[in-house]
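Quick note, the sequence shown lines up with residues -23 to -1, 1 to 208 if you use mature numbering (1 follows the signal peptide of the UniProt record, and there is no 0). Just so it is clear, CB atoms sit at the ideal spot from N, CA and C, and this is done for glycine as well.
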Amino acid sequence: NPRKNRTTMKVALSLALLSSASAFAPTPFTTRQQISLQVELEGRDIEGALVPCTNFILVKIAEAEDQTEGGIILSGRAKQKKTEGVVVSIGPGRTHQESGITFPMPVSPGEGVLYGKYDGTELDYDGCKHTLVRDTDIMVKYSGDKMTLENCDVTSDSVLVKVNRSGEEEMASGLLIASSASGNSKPSTGTVVKVGPGRMAQNGEMMDMDVAVGDEIKFRDFAGNEVSIER
């Protein structure tokens, strides 16, 4: 298989610490729904579909990759675990602690999402692996079966950056050194390719973003999360 053309991107995220007593709740059901909506959660039968609370999102996890881009077959623990999936259901959104205004959820059921490697709480639901993540855990959302640069977007005040990567760097003396020999530093410059809608203010209005698509920017070393997106 030919190697897919992929571009390394970086997503700059603003994270918020939120508290919630529970992440989901079963929907109310009638006698007729008891037959049609009986599903299994963590090995036990429940009545009704799961509906996340506040700003939680229920995501059906994509299957792990069993083959690398170079064609190497993987098995067992070597399989590449996915941190993306399809949105099954969403909560109503969190409320501003002072104004009480509800923050709109950034994704809808059926959309594909990419979230952080260590984000979410996994659970077995309806015979498949799912995870519960917060809206602030979402790095990229997309439509369609596969994530591409054309069909993806970032949420909130996140920015998607095409990272500048050079195989060699030039020292002041004119000597060229390989990037692998330049210490632990990581690329911290790039071109903005996607910009989120912005952060919502206390009065419910969206605040303007400071950058636009096409801007060349520099960000802090090790800031953001690295993702690979097909062009």
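Report all residues from its chain with a CB closer than 7 Å to the CB of residue i; omit the five preceding and five following residues, and keep chain order.
i, result
"M183", "P174, G175, M177"
"C105", "K37"
"R71", "L(-6), T31, N32, F80"
"Q179", "H73, E75, S76"
"T7", "Note that T7 scores a pLDDT of 45, beneath 50, so its modelled location is shaky and nothing firm can be said."
"Q15", "D22, E24"
"P164", "V140, N141, R142"
"K94", "T60"
"K195", "S165, T166"
Per the DSSP calculation, residue i is bridged to which residue(s)?
i, result
"M183", "M177"
"K163", "DSSP lists no partner for K163."
"G15", "For the record, residue 15 in the displayed sequence is Gln; it is not Gly. Note: Q15 sits in a beta bridge opposite E24."
"D112", "DSSP, once it has assigned bridges, lists no residue as partnering D112."
"H107", "K37, L100"
"V169", "V138"
"L91", "E61, V117"
"I194", "G167"
"D130", "K118"
"S85", "Answer is none; S85 lacks a bridge partner."
"S66", "L35"
Apart from the five residues just before and just after residue i, which ones in its own chain have a Cβ nearer than 8 Å to its Cβ?
i, result
"V63", "V36, K37, A39, G87, E88, G89, V90"
"E192", "The residue you asked about is not Glu; residue 192 is Asp in the sequence shown. T168, V169."
"S13", "Caution applies to S13, whose pLDDT of 46 falls short of 50 and renders its modelled position unreliable; the value that the coordinates give is listed next. Same-chain partners within the cutoff: there are none."
Only counting the same chain, and skipping five residues up and downstream in sequence, which positions put a Cβ closer than 6 Å to that of residue i?
i, result
"Y102", "L18"
"E61", "A39, L91"
"E99", "T108"
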